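Asks: Handing you this structure, nothing more for now.
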Amino acid sequence: MSNDDTLAAIRRFLARQHVVTLAVGQGEALWCADCFYALDAPTMTLYLLTSPTSHHGRLMSVNPRVAGTVAHQTRSVAKIQGIQFHGRVACLEGEAAAAAYALYYRRFPLARARPSPVWGLRLMRVKMTDNTCGFGHKRHWARQGEPVGVY
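Numbering that gives the first Met the number 0 puts the first residue of the sequence shown at 0, with every later residue one more than the last.
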């Protein structure tokens, strides 16, 4: 499978899901958080809303390196799909924030009722498990300059 096909499959999967689990930390302080997201497919960026005073918001503010998962919920082993990733996250401002809010609110209109800062999670490396292509089938994608391989 070509890198273009791999990226297209990952984008299709991410576009069909809506919850990301983030793993964040600084030193001994580790935390996981589930967040709704909107995908900006061309830039492979997930936009999410969260308060910088939440536990994970405080940790992301001091350490922008995050890891996480997006998983399809199914009872059938043959239909398991999900990604593991690492990336960099930042609280957005100005034009970048305006564009991110537009995309996020288009996907989650009710979120306007509870305003919160918007963050951009730039995916750097992704490993996708896709059992719909055979048990344990893996796809790997990395942003240019990032190592690609088994991880």
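All residues carry an ideal CB built from backbone N, CA and C; glycine is no exception. It should be emphasised that the depicted structure is a prediction, and the values quoted were computed from it without experimental measurement.
1. Can you name the residues that DSSP bridges to Asn46?
2. Note the first and the last residue of the continuous beta strand (DSSP E) segment covering Ile82.
3. With Thr20 as the anchor, note down where its beta strand (DSSP E) starts and where it stops.
4. Based on the DSSP secondary-structure assignment, which residues constitute the bridge partners of Gly67?
5. Is it true that the region 21 to 36 meets the region 121 to 131, where meeting means three or more beta-carbon pairs spaced less than 8 Å apart?
6. From the DSSP output, which residues share a beta bridge with Met127?
7. Quickly, what does DSSP pair Cys31 with across the bridge? List them, please.
8. What residue does the alpha helix (DSSP H) around Thr73 start on, and which one ends it?
9. Contact defined as beta carbons within less than 8 Å: I believe His85 pairs with Val65. What is the distance between those atoms, to the nearest angstrom?
10. Please state the DSSP three-state secondary structure of Asn62.
11. Leaving aside the five residues before and after Met0 along the sequence, list all residues of the same chain whose C-beta is less than 6 Å from its C-beta, in chain order.
12. Helix, strand or coil for Phe107? Go by DSSP, reduced to three states.
13. Would you call Asp33 buried or exposed, if buried means 16 or more other Cβ atoms sit within 10 Å of its Cβ?
Replies: Answer, in terms of the structure:
1. Correcting the residue identity first, residue 46 is Tyr in this sequence and not Asn. DSSP output for Tyr46 lists Ala37, Gly119 as bridge partner(s).
2. Note, Ile82: beta strand (DSSP E), 80 to 90.
3. For Thr20, the uninterrupted beta strand (DSSP E) run begins and ends at 18 to 25, by DSSP.
4. Answer is Leu21, Phe84.
5. Inter-segment contact for the region 21 to 36 and the region 121 to 131 is absent: fewer than three beta-carbon pairs are separated by less than 8 Å.
6. According to DSSP, Met127 bridges with Ile82, Arg138.
7. DSSP output for Cys31 lists Ala22 as bridge partner(s).
8. Unbroken run through Thr73: none, as it is neither H nor E.
9. The C-beta distance from His85 to Val65 rounds to 7 Å, short enough to meet the 8 Å contact threshold.
10. In this structure, Asn62 counts as coil in the three-state DSSP scheme.
11. Confidence is the limiting factor: at Met0 the pLDDT is only 49, short of 50, which leaves the residue's position unreliable and the question unanswerable from this model.
12. If DSSP states are grouped into helix, strand and coil, Phe107 belongs with coil.
13. Exposed: under 16 other Cβ atoms inside 10 Å.
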